[in-house]
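Protein chains: 2
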Amino acid sequence: VTDDLCEGASNTREEILIATLQSLREHGYADLTIKKIGDEFEKSQSLIYHHYDGKDDLVLETLEFVLDRHSEQVIEDQVVNPRQHLEEVLKQFFGDGDEGGSQLPTTLFELRAQAIHDDSYREHFTRSDEVFRGYLADIIVEGIESGVFRECDPQNVATTILTMINGVLVRRATIDDEEWLTSVRDELETYLETRVYRSDE
Amino acid sequence: VTDDLCEGASNTREEILIATLQSLREHGYADLTIKKIGDEFEKSQSLIYHHYDGKDDLVLETLEFVLDRHSEQVIEDQVVNPRQHLEEVLKQFFGDGDEGGSQLPTTLFELRAQAIHDDSYREHFTRSDEVFRGYLADIIVEGIESGVFRECDPQNVATTILTMINGVLVRRATIDDEEWLTSVRDELETYLETRVYRSDE
Numbered sequence: 004v005t006d007d008l009c010e011g012a013s014n015t016r017e018e019i020l021i022a023t024l025q026s027l028r029e030h031g032y033a034d035l036t037i038k039k040i041g042d043e044f045e046k047s048q049s050l051i052y053h054h055y056d057g058k059d060d061l062v063l064e065t066l067e068f069v070l071d072r073h074s075e076q077v078i079e080d081q082v083v084n085p086r087q088h089l090e091e092v093l094k095q096f097f098g099d100g101d102e103g104g105s106q107l108p109t110t111l112f113e114l115r116a117q118a119i120h121d122d123s124y125r126e127h128f129t130r131s132d133e134v135f136r137g138y139l140a141d142i143i144v145e146g147i148e149s150g151v152f153r154e155c156d157p158q159n160v161a162t163t164i165l166t167m168i169n170g171v172l173v174r175r176a177t178i179d180d181e182e183w184l185t186s187v188r189d190e191l192e193t194y195l196e197t198r199v200y201r202s203d204e
Numbered sequence: 004v005t006d007d008l009c010e011g012a013s014n015t016r017e018e019i020l021i022a023t024l025q026s027l028r029e030h031g032y033a034d035l036t037i038k039k040i041g042d043e044f045e046k047s048q049s050l051i052y053h054h055y056d057g058k059d060d061l062v063l064e065t066l067e068f069v070l071d072r073h074s075e076q077v078i079e080d081q082v083v084n085p086r087q088h089l090e091e092v093l094k095q096f097f098g099d100g101d102e103g104g105s106q107l108p109t110t111l112f113e114l115r116a117q118a119i120h121d122d123s124y125r126e127h128f129t130r131s132d133e134v135f136r137g138y139l140a141d142i143i144v145e146g147i148e149s150g151v152f153r154e155c156d157p158q159n160v161a162t163t164i165l166t167m168i169n170g171v172l173v174r175r176a177t178i179d180d181e182e183w184l185t186s187v188r189d190e191l192e193t194y195l196e197t198r199v200y201r202s203d204e
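Protein chains in written order, with the working numbering: chain A, 4 to 204; chain B, 4 to 204.
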């Protein structure tokens with residue numbers, strides 16, 4: 004997603020948001036500073052202070068920006084192979100073993116933790132979950148309509164996968180070993196095979 | 004669990020830990036102060052400062068105390084009806100609709116978020132997940148051995164349920180609506196019925 008976003012920032016505001024996203028990926032949330040964001044930004048750092056009151060303000064707008072871009076992209080997406088599509092989404096959260104100690108699960112969890120006490124973050128994540136649930140449900144509906152998925156409740160299945168992904172992000176960010184990831188991935192696959200995928204596919 | 008713990012504090016240290024647990028339940032983590040803990044504690048507040056360096060130190064030891072007590076209790080537990088037992092565990096996290104705006108999911112998630120940057124919390128939650136996974140796996144093994152559960156991989160199923168519970172806690176603590184809870188609960192029930200429970204039970 005980031006790589007697509009990095010092309011075609013149409014103004015200074017978008018350049019700042021993209022610089023913030025890059026910094027989040029590299030440093031996480033707790034260690035993020037306006038100075039570090041400035042390092043990713045080609046223009047003067049003072050422009051960041053001119054546009055934003057502080058880190059939280061800036062990070063929240065970055066999350067909203069990514070979500071809006073993602074929502075637009077979803078509409079353009081052609082669901083060619085629903086099963087492959089769903090597997091690719093899951094791979095982003097379970098990792099494919101190649102990426103090593105990715106910062107991303109921790110950062111996503113850290114940002115989400117802001118929602119406990121900050122209503123603006125809470126609104127963001129309520130909306131973000133809604134967009135993501137809709138995205139997953141669309142894939143499932145497409146699978147059912149094209150006959151490769153069983154008749155199931157797309158909303159229930161989508162919400163369940165989304166909740167599972169959240170659980171995966173939390174545990175990856177807060178416990179030491181990751182051996183459990185394979186167990187959960189296998190079990191989720193079994194669930195999808197019995198509940199969603201048609202076995203004759 | 005708390006109610007059992009509140010009986011039989013055997014010394015001042017345990018009385019302080021139980022007071023901390025009560026305060027966590029009432030106020031959550033962010034708003035917790037030593038003064039509020041003192042309000043739950045029958046002896047002098049200065050004793051708390053005498054025993055603990057600060058809030059984080061005290062909360063962590065409280066978590067460890069609850070976990071140790073819980074581990075002991077598990078060993079004594081008789082798994083009479085594995086299915087009913089598992090359903091009761093799940094009900095604690097999905098709520099039964101009666102408890103309204105419980106503070107507990109938020110507090111558990113808040114405490115877990117400390118593990119991102121604090122190694123002692125990280126060690127605690129690694130151990131805590133391990134204990135809880137073992138507890139769930141024991142119920143599943145019991146169900147398989149007594150013939151009421153299907154042949155499945157108890158470790159994989161236990162880790163999956165644990166991850167799902169974590170996802171439920173995160174979402175309950177960070178988004179506004181809770182309508183999704185019923186969807187996830189229904190879908191988890193379907194999963195358990197196809198994967199774990201014998202249908203002839």
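Just so you know, even glycine gets a beta-carbon here, dropped at the ideal spot from N, CA and C.
- Query: Under a CB-based cut-off of 8 Å, is H69(B) close to chain A?
  - Reply: Counted from its first residue, the second sequence places residue 69(B) at position 66. The residue asked about is misnamed: residue 69(B) is Val in this sequence, not His. For V69(B), the answer is no, since every Cβ of chain A falls outside 8 Å of its Cβ.
- Does any C-beta atom of chain A lie closer than 8 Å to the C-beta of L63(B)? For the purposes of this step, residue 63(B) is taken as residue 60 along the second sequence, with counting starting at 1. Chain A, which has no Cβ nearer than 8 Å to the Cβ of L63(B), makes this no.
- Query: Is any beta-carbon of chain B found at less than 8 Å from that of G170(A)?
  - Reply: Counting from one through the first sequence, the residue named residue 170(A) turns up at place 167. Chain B contact via Cβ: present.
- Residue-chain proximity (I178(A), chain B), Cβ-Cβ < 8 Å: Working through the first sequence from its first residue, we reach residue 178(A) at position 175. So yes, I178(A) belongs to the interface.
- Report the neighbours of Q158(B) on chain A: residues whose CB is nearer than 8 Å to its CB, in chain order. In the second sequence, the residue the question calls residue 158(B) occupies position 155. Result: S186.
- Task: Kindly give me the distance between the Cβ atoms of F112(B) and I168(B), rounded to whole angstroms, as I take these residues to be in contact under 8 Å.
- Result: On the second sequence, position 109 is the one that residue 112(B) refers to. On the second sequence, position 165 is the one that residue 168(B) refers to. Not a contact, Cβ separation roughly 11 Å.
- Query: What residues from chain E crowd round T162(B), counting only those whose CB sits closer than 8 Å?
  - Reply: Absent here is chain E; the protein component of the structure consists of chains A and B.
- Using a Cβ-Cβ distance under 8 Å, would Y138(A) count as near chain B? Your numbering for residue 138(A) matches position 135 in the first sequence. Y138(A) does not count as touching chain B.
- Message: Quick check: the Cα distance between E148(B) and G170(B), rounded to an integer number of angstroms?
- Response: Sequence index remark: in the second sequence, residue 148(B) carries index 145 (1-based). Sequence index remark: in the second sequence, residue 170(B) carries index 167 (1-based). E148(B) and G170(B): Cα-Cα distance of roughly 29 Å.
- Message: Counting only C-beta atoms, is F128(A) closer than 8 Å to chain B at any point?
- Response: On the first sequence, residue 128(A) is found 125 positions in, with the first residue counted as 1. F128(A) counts as touching chain B.
- Taking the C-alpha atoms as reference points, what is the distance between L70(B) and Q87(B)? Position 67 of the second sequence, counted from the start, is the residue given in the question as residue 70(B). Position 84 of the second sequence, counted from the start, is the residue given in the question as residue 87(B). Straight-line Cα distance between these residues: approximately 23 Å.
- Message: I'd like to know if I142(B) contacts chain A, where contact means its C-beta is closer than 8 Å to some C-beta of that chain.
- Response: For the purposes of this step, residue 142(B) is identified with residue 139 of the second sequence, where counting begins at 1. No, I142(B) does not count as interfacial toward chain A.
- Leaving out five residues before and five after E43(B) in sequence, what residues of the same chain have Cβ atoms less than 6 Å from its Cβ? Residue 43(B) sits at position 40 when you count from the first residue of the second sequence. The residues are A22, Q25 and S26.
- Can the beta-carbon of I142(B) be found closer than 8 Å to that of A176(A)? Locating residue 142(B) in the second sequence gives position 139, where the first residue counts as 1. Locating residue 176(A) in the first sequence gives position 173, where the first residue counts as 1. Contact flag unset, no.
- Can you pull the DSSP bridge partners for Y200(B)? Position 197 of the second sequence, counting from 1, holds the residue named residue 200(B). BP columns for Y200(B) point to F152(B).
- Task: Show which residues of chain B have a CB atom less than 7 Å away from the CB atom of E113(A).
- Result: Residue mapping note: residue 113(A) aligns to position 110 of the first sequence, counting from 1. Result: I119.
- chain A within 8 Å of Y194(B), Cβ atoms only: Taking the second sequence and counting its residues from 1, one reaches residue 194(B) at position 191. Taking Cβ atoms only, chain A reaches closer than 8 Å to Y194(B), which makes this a yes.
- Item | S202(B) to I19(A) span [Cα, whole Å] | Along the second sequence, read from residue 1 onward, the residue named residue 202(B) stands at position 199. Along the first sequence, read from residue 1 onward, the residue named residue 19(A) stands at position 16. Approximately 57 Å, taken between the alpha carbons.
- Message: Can you tell me whether N14(A) is buried or exposed? The criterion is at least 16 other CB atoms within 10 Å of its CB, across all chains shown.
- Response: The residue you call residue 14(A) lines up with position 11 of the first sequence. N14(A) comes out exposed.
- Residues of the stretch 30-53 of chain A with a CB closer than 7 Å to any CB of chain B: list them in chain order, please. A33
- Message: Below 8 Å on C-beta distance, what does V92(A) contact in chain B?
- Response: Residue numbering aside, residue 92(A) sits at position 89 when the first sequence is read from its first letter. By Cβ distance, chain B contributes nothing, its closest Cβ being about 15 Å from V92(A), past 8 Å.
- Return helix, strand or coil for L111(B), following the three-state DSSP convention. What you label residue 111(B) is simply residue 108 of the second sequence in a count that begins at 1. L111(B): helix per DSSP, three-state reduction.
- Message: Please state the DSSP three-state secondary structure of N159(B).
- Response: Locating residue 159(B) in the second sequence gives position 156, where the first residue counts as 1. N159(B) falls in the helix class under three-state DSSP.
- Item | Residue nearest to S74(A) in terms of C-alpha spacing, selected from R28(A), E182(A), V134(A) and R188(A) | In the first sequence, the residue the question calls residue 74(A) occupies position 71. Checking every option, the nearest Cα to that of S74(A) belongs to V134(A).
- Cutoff 7 Å; reference H30(B); Cβ partners in own chain excluding five residues on either side: On the second sequence, residue 30(B) is found 27 positions in, with the first residue counted as 1. The residues are K39.
- Spell out whether any CB of chain A is found under 8 Å from the CB atom of T197(B). The residue you call residue 197(B) lines up with position 194 of the second sequence. Closer than 8 Å to some Cβ of chain A, the Cβ of T197(B) qualifies, so yes.
- D3(A) - DSSP class collapsed to helix/strand/coil: Since the displayed chain A opens at 4 and closes at 204, residue 3(A) lies outside it and no answer follows.
- Item | Simplified DSSP assignment, three categories, for D122(A) | Taking the first residue of the first sequence as 1, we reach residue 122(A) at position 119. In the structure shown, D122(A) sits in a helix (DSSP, three-state: H, G or I).
- Query: T166(A): buried (16+ other C-beta within 10 angstroms of its C-beta) or exposed?
  - Reply: Along the first sequence, one-based indexing puts residue 166(A) at 163. T166(A) should be labelled buried.
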